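Only one structure is covered here, and it is reproduced in the block below.
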Amino acid sequence: MDRVRDARSRPASMVKTYVQTVCLREGTEDEYRAYHADCWPAVVKSLAEVGIRELDIYLTPGAGDALSRLVMVMKTTDAFDPAVDFPRHASSSPVVAEWEARMKAFQTPAPEAKQDAWWSPMEQVFDLSAQLASAGARAGYKVPEG
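All residue numbers for the sequence shown refer to this note's numbering, where the first residue is -14 and numbers rise by one.
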């Protein structure tokens, strides 16, 4: 479902990182921003209770025929399981269920989303920390051929 760093390759104090994307329906950007500028307390408390430590959402406006795009960056406890904990969050209270329904009304799956998926996982293609850790063992640079 999501891009997760391998637990064996990170210190015990690190957490899982998920990065996902979804599209925003045309003309809903301002209202979506307004909701997130003052997120309902029950929602943020529930997210923390299911193991989400940090959650940031970024928006890039659409251009031409392209819809606006949201990117969510989420850091969780190692015990966090999206298949279990997102549904647990969504059903934690009527207030949270209402929030989730309202947010879903603003969104539409990205074209690359798998069937029956809402948010689409993004692949990590660069990790500065990993590159720095191995920089001393590598000489020069390589130019990809092809």
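No residue lacks a Cβ here, since even glycine has one placed at the ideal position from N, Cα and C. This one's a predicted model, so the numbers in the text were calculated from it and none came from an experiment.
Query, Result
"Where K30 falls: helix, strand or coil (DSSP)", "helix"
"Sufficient close CB pairs (3 or more, under 8 angstroms) joining the stretch 59 to 76 to the stretch 107 to 114", "no"
"Close-in-space but distant-in-sequence residues of the same chain around E85 (CB under 6 angstroms, 5 per side omitted)", "A75"
"Inter-residue CB distance, V56 and V4 (contact presumed, cutoff 8 angstroms)", "7 angstroms"
"Classification of D(-9) by the beta-carbon crowding that lies within 10 angstroms, buried from 16 upward", "Confidence at D(-9) is low in this model, with a pLDDT of 46, below 50, so its placement is unreliable and the value that follows should be read with caution. Burial call: exposed."
"For Y17 and F71, believed in contact at Cβ under 8 angstroms, the rounded distance", "The Cβ separation is near 19 angstroms, so there is no contact."
"Cβ neighbour criterion (16 or more within 10 Å) applied to K1", "buried"
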